[in-house]
Amino acid sequence: MARQQAVFLLAWALALGVMSSMASAAIVEHVFNVENVTVRKLCYDHVITAVNGALPGPTIQVTEGDTLVVHVFNKSPYNVTIHWHGVFQLLSSWADGPSYITQCPIPPGGNYTYNFTITAQEGTLWWHAHVSFLRATVYGALIILPKSGHYPFPTPYEEFPIILGEWWNANVIDLQTQAQALGTGPNNSDAFTINGRPGDLYPCSKNCTYKLNAVHGQTYMLRLINAALNNQLFFKIANHKFTVVAVDASYTNPYVTDVAVLAPGQTVDVLLTTDQTPGAYYMAASPYFSAQNAPPPDNTTTTGILIYDELPYTSPIMPLLPALNDTPTAHTFSSSLTSLVGSPNWRPVPTKLDEQLLWTVGLSVAPCGPSNACTGVPNIPTLRLSASINNASFQFPTSLSILQAHFFNVTGIYTADLPDQPPLKFDYTNPANSNNSALAFAFKSTRVKQVKYNATVEIVFQDTTIIGAENHPMHLHGYNFHVVGQGFGNFDPVNDPKKYNLVNSVIRNTIGVPVGGWATIRFQANNPGAWILHCHLDAHLTMGLATVIVVDNGPTPSSTLPPPPPDLPQC
């Protein structure tokens, strides 16, 4: 592995040495028309909300240092915001996009311009709606090219975004409304997609399967993005291995595998060499499902086709995908990744800690509401499913965004009292917890964690078996973080830190907390603003598995958040 890392860094250094000039920063401008369009999938016509009439929406390509300006016109009948997933938004928290966190939604007929600079980042990110379930169809790739013009590995022959998605034969807003009314999760999706297309194995889909034409003997970079709403996904290509070189726009040591695992929100860059017998090979994605005491998801497979040299074909070769509940494969992939020390924008692991937090994450229950007709908890219509961090189920404000309340010192919108430790310590991963009603209740509140500028923060996410254990993909806005450790069972504060990787731990913005286990992240809070931290399974986000980390301003103008733009949407 050390030799592979040295080869990669040498290639990068040589490329820098022959570089003749540095690309100058540019202003990259786009127009997003968010509108309802009719598309035909799975044998039926459906009306969906999309950007510029396309699914996925437009791919945005910028270079590190560029300023991105996106004019959003909301021509749909729904409120909308756009989140630039993984972008730091240094001193531009107002442009981050989550509704009621950094802005109020853009109403139907309204418009807003997102304007921000891409700083100290390169790689594969993406953008998506961040209000209601619109993310199911409002999304696209955001590719940040290196300012140097070179990667820390040999330049691939070609690059392709591969966006994994999820499809319902239903209006996703109605789907969410029904789930909230019944106090349960949404209905299963009807298909998964690759670049918006279900693939050969679904009805009426064979003629529009995604195809990637490749030349034999070349190396390609596939920029994998999981844009699915509620499912983690395995990804394989028949008879091929590939090399992981980056995740969440952070370079990794080269990791050779024949399967990638992506939680919703995560990206994985892989190098694929077309070194097999020329022919046709399926690329395929299927769900990884870890939830205990829950009905299984749509256990189907989406496919695309890798075709060598545009040869005619009849039956592409199909990969053998992992089982639906193959936690060992998922964990091996996640825990095997390490960061490429010395690569562009790499940062060392923080070792001096100012904040050490232990946050339980998982499902819970809450009162159903006036109808008392909920179905989320079997045989108890007075209860609905909820979700929480340290027994606090997040309630989004509606009259003002949290960032506005913080910036203008408006009280009554949130309280900065989310517990640093679980309010009740218990055997977090004991299966008997699923039947313990005393542990299950989590009531709604808008409780956040406030930290000082430049504080170094460690968070241990601890899954629980209340209702049932599950792998929770946790995403932090505004930051990358080091994943210094992860494992199964209850976190051991004495022995588990001894096994932390403080040298080259993988750097991400979204981490899947192992089912019935824990994961520890570290970051330096050097970006003032209000940053939502949430589960990227939207069903759990809407149930309350979220909080906000409010980072104070620093002592200088260069560490102080400027006022909001004058056209920021109001509630």
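Note that the sequence shown ends on residue 571 in the working numbering; no numbers are left out.
Cβ coordinates follow ideal geometry from the N, Cα and C atoms, glycine included.
The model shown is predicted, which means the values in this text are computed figures rather than measured ones.
- For residue 159, the CB contacts under 6 angstroms within the same chain, skipping 5 residues up- and downstream, are 221 in chain order.
- For residue 286, the three-state secondary structure derived from DSSP is strand.
- Remark: three or more beta-carbon pairs, one from each stretch, lie closer than 8 angstroms, so the region 327-346 and the region 254-263 are flagged as touching.
- Taken in chain order, the complete alpha helix (DSSP H) segments of 4 or more residues contained in the region 398-466 are 402-407 and 437-440.
- Beta-carbon to beta-carbon, residue 461 and residue 393 are separated by about 16 angstroms, too far to satisfy the 8 angstroms threshold.
- By the beta-carbon neighbour count (other beta carbons within 10 angstroms, threshold 16), residue 570 is exposed.
- Per DSSP, reduced to three states, the secondary structure at residue 48 is strand.
- Secondary structure in the region 144-213: the beta strand (DSSP E) runs of 3 residues or longer, each lying completely within the stretch, are 158-167 and 191-194 in chain order.
- Comparing alpha carbon positions, the residue from 126, 142 and 544 closest to residue 360 is 544.
- Counting only the Cα atoms, residue 113 lies some 39 angstroms from residue 299.
- About 18 angstroms separates the beta carbon of residue 512 from that of residue 500, a gap too long to meet the 8 angstroms contact definition.
- Nearest to residue 453 by alpha-carbon distance, out of 482, 467, 528 and 387, is 528.
- Around the beta carbon of residue 465, a 10 Å sphere encloses 16 or more other beta carbons of the protein chains shown; the residue is thus reported as buried.
- Rounded to whole angstroms, the separation of the alpha carbons of residue 378 and residue 185 is 13 angstroms.
- The C-beta separation of residue 233 from residue 288 comes to about 7 angstroms, placing the pair in contact by the 8 angstroms criterion.
- Look at residue 83 here: in three-state DSSP terms it is strand.
- A distance below 8 angstroms between beta-carbons, with the five flanking residues on each side excluded, links residue 135 to the following residues of its chain, in chain order: 128, 129, 227, 229 and 538.
- Secondary structure at residue 335: helix, using DSSP grouped into helix, strand and coil.
- DSSP places residue 536 outside both helix and strand once states are collapsed to three, so it counts as coil.
- A residue is called buried once 16 or more other Cβ atoms fall within 10 Å of its Cβ, and residue 503, having fewer, is exposed.
- The Cβ atoms of residue 239 and residue 317 lie closer than 8 angstroms to each other.
- CA-CA distance, residue 312 to residue 278, rounds to 10 angstroms.
- Annotation: the continuous beta strand (DSSP E) that includes residue 270 extends over 267-273.
- The shortest C-alpha to C-alpha distance from residue 106 to any of 79, 122 and 96 is the one to 79.
- Taken in chain order, the complete beta strand (DSSP E) segments of 3 or more residues contained in the region 344-372 are 355-367.
- In this structure, residue 86 and residue 248 form a Cβ contact; the two beta carbons are roughly 6 angstroms apart against a cut-off of 8 angstroms.
- For residue 313, there is no enclosing beta strand (DSSP E), as DSSP marks it with neither H nor E.
- At the C-beta level, residue 198 and residue 205 come within 8 angstroms of one another.
- For residue 94, no beta strand (DSSP E) encloses it, and the DSSP letter there is neither H nor E.
- Of all alpha-carbon atoms in 27, 193, 161 and 390, the one lying nearest the alpha-carbon of residue 268 is that of 161.
- Around the beta-carbon of residue 77, fewer than 16 other beta-carbon atoms lie within 10 Å, marking it exposed.
- Pairwise C-beta distances place the region 483-497 out of contact with the region 52-71, as fewer than three of them are shorter than 8 angstroms.
- The continuous beta strand (DSSP E) containing residue 244 extends over residues 242-247.
- Contact between residue 340 and residue 252 holds: their C-beta atoms lie close to 6 angstroms from each other, under 8 angstroms.
- Take the alpha-carbon of residue 142 and the one of residue 291: they are about 30 angstroms apart.
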